[in-house]
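**Q** One structure is given below, represented as structure tokens, and several questions about it will come after.
Pasting the structure below:
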């Protein structure tokens, strides 16, 4: 926005638009770089409905 503020949503939207224009992806997984998966058994798949995969965050004491 010109004021030095980092907007993650704008970056993700730009990446989505670019990837959609270059490739025929049918599924997108948006992953926060600051939320490292703690369980390597998490399945990255593309179900019919969108879902939020981070059900508990250590920063919030898993609440």
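Numbering (this note's numbering), first residue to last: 58 to 120. Think of the CB as a built atom: it goes at the ideal place given N, C-alpha and C, for glycine as much as any other residue.
Along the chain, where does the alpha helix (DSSP H) that runs through residue 70 open and close?
**A** Position 13 of the chain shown, counted from the first residue, corresponds to residue 70. That run of the alpha helix (DSSP H) goes 65 to 79.
**Q** Measure the alpha-carbon distance for residue 106 versus residue 92 and round it to whole angstroms.
**A** One-based indexing of the chain shown puts residue 106 at position 49. One-based indexing of the chain shown puts residue 92 at position 35. Between residue 106 and residue 92, the C-alpha separation is close to 22 Å.
**Q** Can you tell me which of 104, 83, 110 and 76 puts its alpha carbon nearest to the alpha carbon of residue 98?
**A** Within the chain shown, numbered from 1, the residue matching residue 98 stands at position 41. Comparing Cα positions, the closest option is 110.
**Q** What is the rounded straight-line gap between the Cα of residue 94 and the Cα of residue 78?
**A** The sequence position of residue 94 within the chain shown is 37, counting from 1. The sequence position of residue 78 within the chain shown is 21, counting from 1. Distance between the alpha carbons of residue 94 and residue 78 is about 29 Å.
**Q** Give me the residue from 75, 66, 108 and 62 with the minimum Cα distance to residue 90.
**A** Indexing the chain shown from 1 puts residue 90 at position 33. Comparing Cα-Cα distances from residue 90 to each of 75, 66, 108 and 62, the minimum goes to 66.
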